[in-house]
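Down below is the structure, laid out as structure tokens.
Protein chains in written order, with this note's numbering: chain A, 1 to 204; chain C, 205 to 408.
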């Protein structure tokens, strides 16, 4: 049997309870750490669960941020430097990653506060998370203000991808389960995965 | 040890291989069936992996579609009727759900073609997937054309939520793992989940 939750129920629901529910109903989410640096060299690291694929050619990824949250450091750093990194979570670091969602003041480096290690690669000025198994270097492309609720969508182009040696299959599929990547649901629930199958391209 | 895949590697990569890789690097994704109906009563059902939470108050969810794909029936139906449903996948129906990605002509109903059952609730004109354990009724709110690659973002407001009786926790968290919801990675890989933990609200 199913429970129905109506629009009226949602409107009357206590704010935090509604946030938990609505963050849960969209299904499992990608969960990643976004690394940035400001013009003075102060690094920032914040967890995001709103990463979504936009296209493969050019390779584009987006994420959504609330302007009124701790994530504002991430936004200003991306706009100032044009550079950021996306780092997958795994079982060994998800608790530290979750802790980056605390409202640290700007002068606090979340790497120091959580014990995660920064890592620098090639010419990317933004820090990667060393303990992350799948790391992406992004170049800022576009900011879209979603006037419907004052959130902001950031679109970036993938410049470099760093993956474990044995996780990419012949056809390009990256086995992120083998890489230890985890997912999340709701605001605070973390999940390992267990592969069911890869299915062939569907034809009529 | 890690493998580096550079911008040049991506540019030179065969198109289908790049699509597999870039669709994999964003992490695990929500995977849902979107149900719509046209003005003549012809239903459509298509699988989407780009669903993302936009906000809880009002409760908003978005997804991304390519205008040149089979998903165009979904787009025109949403614009014509203002109504659509989002239905979670589970282990019992993911193969049928995947099959909806085949390029059926408009006059073919994906419910009939795949053996999934349509279901109607309250005053919603769009069909739900009966075999889905978590079902959402959405009202179309906004279309945003992403000029960067000609994709389209659709934002909708949640009007009704249907969930299994025993899956919502006291604080509003919906246990979608208990509801049997699965996730996907890449273009064609489906995954069960295994809960690690819910973590407390992070404080400095």
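Built from N, CA and C at the ideal position, the CB exists for glycine as well. Predicted model only: the values in this text are computed from it and were never measured.
Proximity to residue 267(C) [Cα-Cα], best of 260(C), 259(C), 280(C) and 253(C): 253(C)
Same chain, Cβ closer than 7 Å to residue 259(C), neighbours up to 5 away in sequence not counted: none
Inter-residue spacing [alpha-carbon to alpha-carbon] between residue 61(A) and residue 325(C): 35 Å
Neighbour list for residue 322(C) in chain A, Cβ cutoff strictly below 8 Å: Result: empty, since nearest Cβ-Cβ is about 16 Å, beyond 8 Å.
Contact between the stretch 89 to 103 of chain A and the stretch 23 to 35 of chain A (3+ Cβ pairs under 8 Å): yes
C-beta neighbour in chain C for residue 104(A), strict 8 Å: yes
Cross-chain neighbours of residue 161(A) in chain C, by beta carbon under 9 Å: 207, 208, 209, 210, 213, 214, 225, 226 and 229
Backbone CA spacing between residue 37(A) and residue 126(A) [nearest angstrom]: 5 Å
Expected contact under 8 Å - CB spacing of residue 304(C) and residue 358(C) to nearest Å: Incorrect: roughly 17 Å between the Cβ atoms, too far for contact.
CB contact check: residue 164(A) to chain C, cutoff 8 Å: yes
Per DSSP, the bridge partner or partners of residue 381(C): Note: residue 381(C) sits in no beta bridge, so no partner.
Length-filtered (4 minimum) alpha helix (DSSP H) runs lying within the stretch 278 to 338 of chain C: 298 to 303 and 314 to 318
Residue 77(A) and residue 44(A) closer than 8 Å at C-beta: Their beta carbons are under 8 Å apart, which means residue 77(A) touches residue 44(A) by this criterion.
Sequence-distant residues of the same chain with beta carbon closer than 6 Å to residue 355(C), five excluded per side: So the list reads 268 and 270, once near-sequence residues are dropped.
Selection of the stretch 274 to 308 of chain C by Cβ proximity to chain D, strictly under 9 Å: Looking for chain D here will not work: the only protein chains present are A and C.
Any C-beta of chain C under 8 Å from that of residue 168(A): Yes, residue 168(A) lies at the interface with chain C (some Cβ there is under 8 Å from its Cβ).
Buried versus exposed, by CB contacts within 10 Å (16 or more), residue 197(A): With fewer than 16 Cβ atoms within 10 Å of its Cβ, residue 197(A) is classed as exposed.
DSSP state of residue 251(C) mapped onto helix, strand, coil: strand
Neighbour list for residue 258(C) in chain A, Cβ cutoff strictly below 7 Å: 64, 146, 149 and 151
8 Å Cβ cutoff met for residue 177(A) and residue 195(A): yes
Cβ-based neighbour list, residue 130(A), same chain, cut-off 8 Å, excluding 5 preceding and 5 following: 116, 117, 118 and 119
Minimum C-alpha distance to residue 283(C) - residue among 343(C), 311(C), 294(C) and 337(C): Cα-wise, what sits closest to residue 283(C) is 343(C).
Nearest-angstrom Cβ-Cβ length linking residue 88(A) and residue 179(A), presumed shorter than 8 Å: 7 Å
Proximity to residue 403(C) [Cα-Cα], best of 6(A), 20(A) and 1(A): 20(A)
Element boundaries [beta strand (DSSP E), containing residue 235(C)]: Element bounds for residue 235(C): n/a, residue is neither H nor E.
Residue 373(C) CB to nearest heavy atom of the ligand NAP below 7 Å: This structure lacks the ligand NAP; in fact it carries no ligand of any kind.
Short CB-CB distance (under 8 Å) between residue 143(A) and chain C: no
Short CB-CB distance (under 8 Å) between residue 32(A) and chain C: When Cβ-Cβ separations below 8 Å define contact, residue 32(A) makes contact with chain C.
Residues of the stretch 371 to 394 of chain C with Cβ closer than 9 Å to any Cβ of chain A, in chain order: Here the close residues are 371, 372, 373, 374, 375, 376, 377, 378, 379, 380, 381, 385, 386, 387, 388, 389, 390, 391, 392, 393 and 394.
8 Å contact criterion, which residue 231(C) and residue 148(A) should meet: CB distance rounded: Contact doesn't hold; Cβ gap of about 25 Å is too wide.
Element boundaries [beta strand (DSSP E), containing residue 163(A)]: 151 to 164
Nearest neighbour of residue 310(C), chosen from 347(C), 243(C) and 341(C) [CA to CA]: 243(C)
Beta-carbon proximity list for residue 84(A), same chain, < 6 Å, skipping 5 on both sides: Around residue 84(A): 34, 36, 78, 126 and 138.
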